[in-house]
Amino acid sequence: MLKLSLSLPLPLRLQLSLVVVIGAALLKYEAWEALAAYASIALLWAVLLRVPIPQLTGLLGTELIFLSLVALPLGWERASFLLVRSLVCLLTMNSFLLTLPPHSFGIALKALPVPGGLKQSLLLAGQYLEILLAEVQRMQRAAQLRGLNGPGGWLRYASAAMIGSLYLRSLERAERVYAAMVARGYTGELPVDSRLTAKERLILLVACAITGTLTVASYF
1 MLKLSLSLPL PLRLQLSLVV VIGAALLKYE AWEALAAYAS IALLWAVLLR VPIPQLTGLL
61 GTELIFLSLV ALPLGWERAS FLLVRSLVCL LTMNSFLLTL PPHSFGIALK ALPVPGGLKQ
121 SLLLAGQYLE ILLAEVQRMQ RAAQLRGLNG PGGWLRYASA AMIGSLYLRS LERAERVYAA
181 MVARGYTGEL PVDSRLTAKE RLILLVACAI TGTLTVASYF
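By the count of our numbering, the sequence shown reaches residue 220 at its end, each step adding exactly one.
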């Protein structure tokens, strides 16, 4: 079963992730039973995709810090539900993104039923984020070579000047990557076929039925 799940094509993985995220986001407030079911689905999704736990926990922790700053002023009861629901959505999407092969976001995005302009914007944003993360890792390795180990050392190394340098370097590299894409014939569409097969459409339909039932039932 695990091997079968890993053989799912990237477009289907993206659409299944979005189905879970949209279903959880539309849940009725304080529908804890339905939210618990979505949490189980998100955890199962992370296990099946074999997400690297250290990267996942670090990413979720950082994201939840920012979310808590927004949610806590709404009151503890309301904030707790919003935070758990956000955690489910983040767990689902981060599981997909962290197991995405390099430079394959466009392949997963191609089958998504959204306007072409939005696809191109998301594709270029995804490419830029990959470049930005690569530059951050290079700066972290440079800091370690200079003897600045641990989070404190990294924060001392990443001063305001270094953050500005990171932005400029990543932006220049992104422009070079885009120029190389255009030189190779990129016109806003990737030359790949990402149509879902009948079996994959059935899997997606079953997932939509399950999440739709959970979300609609939360209002009764």
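Using N, Cα and C, we set each Cβ at its ideal position, and we do this for glycine too.
Count the other CB atoms, across all protein chains shown, that sit within 10 Å of the CB of Ser218; report buried if there are 16 or more and exposed otherwise. The residue you call residue 218 lines up with position 218 of the sequence shown. When all chains shown are included, Ser218 counts as buried.
Is the stretch 57-75 in contact with the stretch 22-40, if contact means three or more CB pairs nearer than 8 Å? no
From Leu202 to Leu145, what distance separates their C-alpha atoms? Stepping through the sequence shown from its first residue, residue 202 is reached at position 202. Stepping through the sequence shown from its first residue, residue 145 is reached at position 145. Cα to Cα, the separation comes out at about 52 Å.
Please name the residue in Thr211, Phe81, Tyr29 and Arg176 whose C-alpha comes closest to that of Gln15. Here residue 15 is taken as the residue at index 15 of the sequence shown, counted from 1. Ranking the options by Cα distance to Gln15, first place goes to Thr211.
Among Ala209, Leu98 and Ser7, which has the Cα closest to the Cα of Gly58? Position 58 of the sequence shown, counted from the start, is the residue given in the question as residue 58. Gly58 has its Cα closest to that of Leu98, out of Ala209, Leu98 and Ser7.
Closest residue to Ile226 among Val51, Leu90 and Val216 (Cα-Cα distance): Only positions 1 to 220 of the chain appear in this structure, which leaves residue 226 out of reach.
Contact check, Leu26 vs Ala34, beta carbons under 8 Å: For the purposes of this step, residue 26 is taken as residue 26 along the sequence shown, with counting starting at 1. For the purposes of this step, residue 34 is taken as residue 34 along the sequence shown, with counting starting at 1. Not a contact, by the Cβ cut-off of 8 Å.
Between the C-alpha atoms of Val19 and Ala207, what's the straight-line distance to the nearest angstrom? Position 19 of the sequence shown, counted from the first residue, corresponds to residue 19. Position 207 of the sequence shown, counted from the first residue, corresponds to residue 207. Approximately 7 Å between the Cα atoms of the pair.
CA-CA distance, Leu100 and Trp32? In the sequence shown, residue 100 corresponds to position 100, counting from 1. In the sequence shown, residue 32 corresponds to position 32, counting from 1. Their Cα atoms are separated by approximately 30 Å.
Around the Cβ of Phe220, are there at least 16 other Cβ atoms within 10 angstroms (buried) or fewer (exposed)? As a first step, residue 220 is located in the sequence shown; it is residue number 220 there, counting from the start. Phe220 comes out exposed.
Which residues in the same chain as Met93 place their Cβ atom closer than 7 Å to its Cβ, once the five residues preceding and following it in sequence are excluded? Numbered from its first residue, the sequence shown carries residue 93 at position 93. Here the set comprises Ser17 and Val21.
Indicate whether Leu204 and Leu214 have their beta-carbon atoms separated by less than 8 Å. Your numbering for residue 204 matches position 204 in the sequence shown. Your numbering for residue 214 matches position 214 in the sequence shown. The answer is no: Cβ separation not under 8 Å.
Which value, in whole angstroms, describes the spacing of the CA atoms of Val88 and Ser7? Within the sequence shown, the letter at position 88 stands for residue 88. Within the sequence shown, the letter at position 7 stands for residue 7. Distance between the alpha carbons of Val88 and Ser7: 23 Å.
Between Ala160 and Val216, what straight-line distance do the alpha-carbon atoms span, to the nearest angstrom? Counting from one through the sequence shown, the residue named residue 160 turns up at place 160. Counting from one through the sequence shown, the residue named residue 216 turns up at place 216. With a pLDDT of only 49 at Ala160, under the threshold of 50, the placement of this residue in the model should not be trusted, and no figure is reported.
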